[in-house]
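Colleague:
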Amino acid sequence: MKIKMFMLGVTAAVVLAACGEGAVMESSKAEETTTAAAASSAETEAASNAAESSESESNTAEETTAEASQATTEAAIALSEKVKMGTPVLLEGGTAELDLDQDGNKEKIQFTATADDYELTVNDVVTQGTGWSLTGEIYALSMDGSTVELLIPEDGPSDDPLIYVYGYDNGGMKLAGTLATGIHDISVTDGKINCRELSSIFQTVGVSTQYKYEKHTLISVDLGFYKMNNTVTALMEIPAYDEKNGEEGAVVISEGSSVKILGTDNKEWIEIEDIASGKTGWLKLAPDTYSDLEISGAAIPSTVCFDGIILAG
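294 is the number that our numbering gives the last residue of the sequence shown; the numbers go up by one with no jumps.
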């Protein structure tokens, strides 16, 4: 009986031990499952955060690109408007996109220059030229209010500025002409191009000139009269005309008189005023000369007639 009871006790202990080990195993499995689930949840959350971060970065990049694109568009619009405001606009870095012929399509402009030569590329068409002390800059200006022209300035051999004006014609660039003035001495009003250039005769002084732009060509406008308004002193008695092609000697300028050079027709006549008397008259330029005066049929240098005449060189 005791032996049976002992055997039963041993058996029960074995069973209980087995049950305890099973419970421990089940508990361990439960912990492993919980840990795995937590890890999986962390991985899911990390992936979600990474996706959100990536999406945020993508949105930021898209916003930056959109802002840059908008800024570029606004700059292009601003440039297109500026070139129609009447004064030359510098193309920064020699590059720009402008609708030169106003057909709705922008032309791509690239310009490079040394002191002696330049290369202008519009779309794929290359135009080359030479100059004298080129500034290395290129400007845009609408000279007729409808098309846009490109202006290339140079300082010239003796500070005699010159501007090469190009128009866009049939896919290429055409030299429309030159303006003997500085780039900042140009303005456009009502389709008229206003400049300040050196007089063609008598004195080397700046006078107001005007051009019009037609069919990709610069055309000089005859203003009839070009003001000078500087004062000189007569070095001899000078017989002047009372009017163009009038009577020589009808107005006499005495030696030593202060005389105002009022202006010229830029061809052959110079208007003067005797400051003391207030009388005005005309002097005639000798044929085939720049500043010699025709007096009683002879060509007399203006510097012999007047002290204070402005001549270059």
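Cβ coordinates follow ideal geometry from the N, Cα and C atoms, glycine included.
What you are looking at is a predicted structure, and each value in this text was computed from that prediction instead of being measured.
So, with DSSP's three-state summary, where would you put residue 302?
Modeller: A query on residue 302 cannot be resolved here, the shown segment of the chain reaching from -18 to 294 and no further.
Colleague: I need the boundaries of the alpha helix (DSSP H) containing residue 162, first residue and last residue.
Modeller: Position 181 of the sequence shown, counting from 1, holds the residue named residue 162. Segment: none, residue 162 is in no alpha helix (DSSP H) and carries neither H nor E.
Colleague: Out of 291, 127, 266, 176, point me to the one whose CA is closest to residue 280's CA.
Modeller: One-based indexing of the sequence shown puts residue 280 at position 299. Looking at the Cα atoms, 266 is the closest of the given residues.
Colleague: With distances taken Cα to Cα, identify the nearest neighbour of residue 244 among 235, 213, 269, 228.
Modeller: For the purposes of this step, residue 244 is taken as residue 263 along the sequence shown, with counting starting at 1. Here the closest residue by C-alpha is 213.
Colleague: Count the CB pairs spanning the region 260 to 275 and the region 218 to 235 that are closer than 8 Å, and state whether there are at least three.
Modeller: yes
Colleague: Give the range of the beta strand (DSSP E) segment to which residue 168 is assigned.
Modeller: Here residue 168 refers to the residue found at position 187 when the sequence shown is read from its first residue. Element bounds for residue 168: 168 to 170.
Colleague: So what's residue 292 in DSSP terms, helix, strand or just coil?
Modeller: Numbered from its first residue, the sequence shown carries residue 292 at position 311. Residue state, collapsed to three classes: coil.
Colleague: What first and last residue would you give for the alpha helix (DSSP H) that runs through residue 284?
Modeller: Taking the first residue of the sequence shown as position 1, residue 284 is located at position 303. Counting along the chain, the alpha helix (DSSP H) containing residue 284 begins and ends at 283 to 286.
Colleague: What is the DSSP secondary structure of residue 239, reduced to helix, strand or coil?
Modeller: Residue mapping note: residue 239 aligns to position 258 of the sequence shown, counting from 1. Three-state result, residue 239: strand.
Colleague: Tell me which same chain residues have a C-beta within less than 7 Å of the C-beta of residue 271, skipping the five on either side of it?
Modeller: The residue given as residue 271 occupies position 290 in the sequence shown. Correct list, in chain order: 182.
Colleague: May I have a chain-ordered list of the beta strand (DSSP E) segments no shorter than 3 residues that lie completely inside the region 80 to 127?
Modeller: 88 to 94, 98 to 103, 106 to 111, 120 to 122
Colleague: What's the C-alpha gap between residue 121 and residue 196?
Modeller: Your numbering for residue 121 matches position 140 in the sequence shown. Your numbering for residue 196 matches position 215 in the sequence shown. Going from the Cα of residue 121 to the Cα of residue 196 covers about 17 Å.
Colleague: Quick check on this structure: which residue in 170, 133, 208 has the alpha carbon closest to the alpha carbon of residue 72?
Modeller: Your numbering for residue 72 matches position 91 in the sequence shown. Of the listed residues, the one whose Cα sits closest to residue 72 is 133.
Colleague: According to DSSP, is residue 224 helix, strand or coil?
Modeller: For the purposes of this step, residue 224 is identified with residue 243 of the sequence shown, where counting begins at 1. Reduced to three states, the DSSP call for residue 224 is coil.
Colleague: Taking residue 275 as the reference, give the member of 236, 242, 229 with the closest Cα.
Modeller: In the sequence shown, counting from the first residue as 1, residue 275 sits at position 294. Ranking 236, 242, 229 by Cα distance to residue 275 puts 229 first.
Colleague: Nearest by alpha-carbon distance to residue 237: which of 289, 109, 64, 125 is it?
Modeller: On the sequence shown, residue 237 is found 256 positions in, with the first residue counted as 1. Considering only alpha carbons, the answer is 289.
Colleague: Count the CB pairs spanning the region 152 to 159 and the region 168 to 182 that are closer than 8 Å, and state whether there are at least three.
Modeller: Contact between the region 152 to 159 and the region 168 to 182 is absent: fewer than three C-beta pairs spanning the two stretches fall below 8 Å.
Colleague: Look at the alpha carbon of residue 84 and the alpha carbon of residue 135, and state the distance between them as a whole number of angstroms.
Modeller: Position 103 of the sequence shown, counted from the start, is the residue given in the question as residue 84. Position 154 of the sequence shown, counted from the start, is the residue given in the question as residue 135. Roughly 30 Å separates the two Cα atoms.
Colleague: Starting from the Cα of residue 150, find the closest Cα among 106, 111, 141 and give me that residue.
Modeller: Sequence index remark: in the sequence shown, residue 150 carries index 169 (1-based). The candidate whose alpha carbon is nearest that of residue 150 is 106.
Colleague: Going straight from the alpha carbon of residue 176 to that of residue 141, what length do you get?
Modeller: Translated into the one-based positions of the sequence shown, residue 176 becomes position 195. Translated into the one-based positions of the sequence shown, residue 141 becomes position 160. Their Cα atoms are separated by approximately 14 Å.
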